[in-house]
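Order-wise, the sequence lines are chains A and B.
For the first sequence, the positions run 21 to 225 when the working numbering is used.
For the second sequence, the positions run 21 to 225 when the working numbering is used.
Note that beta-carbon positions come from the ideal geometry of N, C-alpha and C, so glycine has one too.
There are 2 protein chains.
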Amino acid sequence: MFLVSLIPIRPEVPFGAPAERSDAARNRERLLQAARELVAEYGAEALTMDALACKAGVGKGTVFRRFGNRAGLMMTLLSDAEADFQQQFIFGPPPLGPGAPPLERLAAYGEGRIYFVLEYGELLKGAGVSPRNRFDVPPAMLAHRHLELLLREAGMDEDPWVMAMSLCSALDPERIVNDVRVHGISPKRLAASWRQLVTRIINPA
Amino acid sequence: MFLVSLIPIRPEVPFGAPAERSDAARNRERLLQAARELVAEYGAEALTMDALACKAGVGKGTVFRRFGNRAGLMMTLLSDAEADFQQQFIFGPPPLGPGAPPLERLAAYGEGRIYFVLEYGELLKGAGVSPRNRFDVPPAMLAHRHLELLLREAGMDEDPWVMAMSLCSALDPERIVNDVRVHGISPKRLAASWRQLVTRIINPA
DNA sequence: ATATTAACCGGACCATAGTCCGTTTAGCAT
DNA sequence: ATGCTAAACGGACTATGGTCCGGTTAATAT
């Protein structure tokens, strides 16, 4: 699915940019490897940039040159999983992918996203420290456009843009993780409520 | 409206706790005064705990003993406005307060909250740094219970708890501020979309 | 092979939230 | 008034994200 390159997880470098130098590439791999190990062992929340630099055997400056900041590192660590999920709802089999009616796709999207969030909640939290990183980043924009499109297909023609944004908010990672971990709400219950929400939204009285 | 004391903005001290010492009370007032001035002049985002301690003429330890952390300070600064808004939707005149049909109260709540958020967005952002501070704090819990109650009154009897949580998410301060400031969405448009959202939720097909 | 240079490297440095603990003091009992 | 004690005080200290800049090196041209 080469089209994926049109949906970058992170903004790509400009076209004319020179290729990455070999030592830079090597250090990036070292850093990603070390980061994955640290996350696997201690969790994403416990990952400090100093510890990462130390474990990867590079200087701290190098870490920040690669990833910009902590959120950028988390985004990079998420990018594979995020691309995979995008594949599923754009090209995958119904009901998540094309072929099912919009309502079923909306319901499936929410359910899929809920389980995605519960699996990658810590990384998502780290990646979304600022509003800019949470809302105006390629995966979030794509999710929003996807929901907006499904709402339109379902006949919602009164400001689907804002309505899609509200739906995105209902799938906010911190909210979902809090519901499950603090209040003991089951993922199934969240998914059922989501289904009811989208059902009612596209089937007005 | 003495009942307000039953709806504390921040968790109160235990009943048997000894009274606050006079020097502590004096320093708390100094700190709040200084904090309000700093927020008024430079904005809440620019307020640092060091600068606050310095301006109030107290040590840094005192600041943290009073407010626990930066979020606690922001909550305290918000408490008057938050209590005021609570008054309005619990005891105030319809459609925000009791007396109007549930749908109208829901619509009015969202509209009121949107304008509240746009006025106090910076403080709300500072107060809600952690999920715990965002979701499981008295004002948030009260808002959630209020929405849940209105949903029940409107005949929604299938998991109104989670549905109310989704509605709370749709009013997330960072989302609202981002929509308005970054995407240029007008508050009126947000309020209209919110009205449509709650209308569809309580008037299923 | 050598020179050139732009990119990269690393770690010292800065800013700020939050902690700790020895010192001071308000409130009270005598 | 004096002494006692628990509370409060304040500033040095720590942790961590992020910046800066002088030295190093990979890629390229000659």
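Exposure of residue i, with buried meaning 16 or more beta-carbon neighbours within 10 Å
{"i": "D230 (chain A)", "result": "The structure shown does not extend to residue 230 (chain A), since chain A is modelled only from 21 to 225, so the question has no answer here."}
{"i": "P114 (chain A)", "result": "exposed"}
{"i": "L210 (chain B)", "result": "buried"}
{"i": "A39 (chain A)", "result": "exposed"}
{"i": "V59 (chain B)", "result": "buried"}
{"i": "Y62 (chain B)", "result": "exposed"}
{"i": "G88 (chain B)", "result": "exposed"}
{"i": "G130 (chain B)", "result": "buried"}
{"i": "A45 (chain A)", "result": "exposed"}
Supposed contact pair residue j and residue i - C-beta distance, whole angstroms, cut 8 Å
{"i": "I221 (chain B)", "j": "M185 (chain B)", "result": "Going by Cβ atoms, the distance from I221 (chain B) to M185 (chain B) rounds to 13 Å, so no, they are not a contact pair."}
{"i": "L191 (chain B)", "j": "R133 (chain B)", "result": "5 Å"}
{"i": "V83 (chain A)", "j": "L52 (chain A)", "result": "Not confirmed; about 11 Å, so no contact."}
{"i": "S189 (chain B)", "j": "R195 (chain A)", "result": "5 Å"}
{"i": "R48 (chain B)", "j": "R86 (chain B)", "result": "5 Å"}
{"i": "D43 (chain B)", "j": "A212 (chain A)", "result": "So it is not a contact: roughly 55 Å between Cβ atoms."}
Residue nearest to residue i in terms of C-alpha spacing, selected from the options
{"i": "L162 (chain B)", "options": "B:G119, B:I196, B:E139, B:Q108", "result": "B:Q108"}
{"i": "L116 (chain A)", "options": "A:G175, A:D156, A:H166", "result": "A:H166"}
{"i": "K145 (chain B)", "options": "B:A66, B:G204, B:R46", "result": "B:A66"}
{"i": "H203 (chain A)", "options": "B:A45, B:N223, B:W181, B:G204", "result": "B:W181"}
{"i": "T219 (chain B)", "options": "B:L126, B:Y62, B:A120, B:N89", "result": "B:L126"}
{"i": "D177 (chain B)", "options": "B:P159, B:P224, B:G81", "result": "B:P224"}
{"i": "L170 (chain B)", "options": "B:E124, B:P193, B:L217", "result": "B:E124"}
Own chain, CB closer than 6 Å to residue i, minus 5 neighbours either side, in chain order
{"i": "V197 (chain A)", "result": "G141"}
{"i": "R154 (chain A)", "result": "G148"}
{"i": "L143 (chain B)", "result": "A64, M94, L97, L98"}
{"i": "A91 (chain A)", "result": "A147, V149, N153"}
{"i": "A128 (chain A)", "result": "P115, L116"}
{"i": "F105 (chain A)", "result": "F136"}
{"i": "P31 (chain B)", "result": "For P31 (chain B), the predicted structure reports a pLDDT of 46, less than 50, and the residue's modelled location is therefore unreliable. A value from the coordinates is still provided. Closer than 6 Å at the Cβ level, and outside the excluded window around P31 (chain B), lies no residue."}
{"i": "D100 (chain A)", "result": "none"}
Beta-carbon contacts of residue i that lie in its chain and below 8 Å, excluding the five residues immediately before and after
{"i": "V200 (chain A)", "result": "L138, S206, P207, L210"}
{"i": "L72 (chain A)", "result": "L51, A54, A55, L58, V83, L93"}
{"i": "K75 (chain A)", "result": "A54, E57, L58"}
{"i": "G119 (chain B)", "result": "P113"}
{"i": "G175 (chain A)", "result": "I222"}
{"i": "A160 (chain B)", "result": "R154, C188"}
{"i": "V78 (chain B)", "result": "N47, R50, L51"}
{"i": "G81 (chain B)", "result": "none"}
{"i": "R41 (chain B)", "result": "none"}
Chain-order list of residues whose beta-carbon lies under 7 Å from that of residue i (same chain, five-residue window excluded)
{"i": "E173 (chain A)", "result": "P122"}
{"i": "E168 (chain B)", "result": "P180, W181, A184"}
{"i": "H164 (chain B)", "result": "A184, M185, C188"}
{"i": "L217 (chain A)", "result": "A190"}
{"i": "T68 (chain B)", "result": "none"}
heavy atom of the ligand SAH below 7 Å from residue i C-beta
{"i": "P118 (chain A)", "result": "In the structure shown, the ligand SAH is absent, as is every other ligand, since no ligand is present at all."}
- Pick out the complete beta strand (DSSP E) segments inside the stretch 33 to 76 of chain B, 3 residues or longer, and give them in chain order. none
- Item | Those runs of the alpha helix (DSSP H) which lie wholly inside the stretch 178 to 213 of chain A and span at least 4 residues | 180 to 190, 193 to 201
- Kindly provide the ranges of any beta strand (DSSP E) runs that are 3 or more residues long and lie completely inside the stretch 77 to 160 of chain B, ordered along the chain. none
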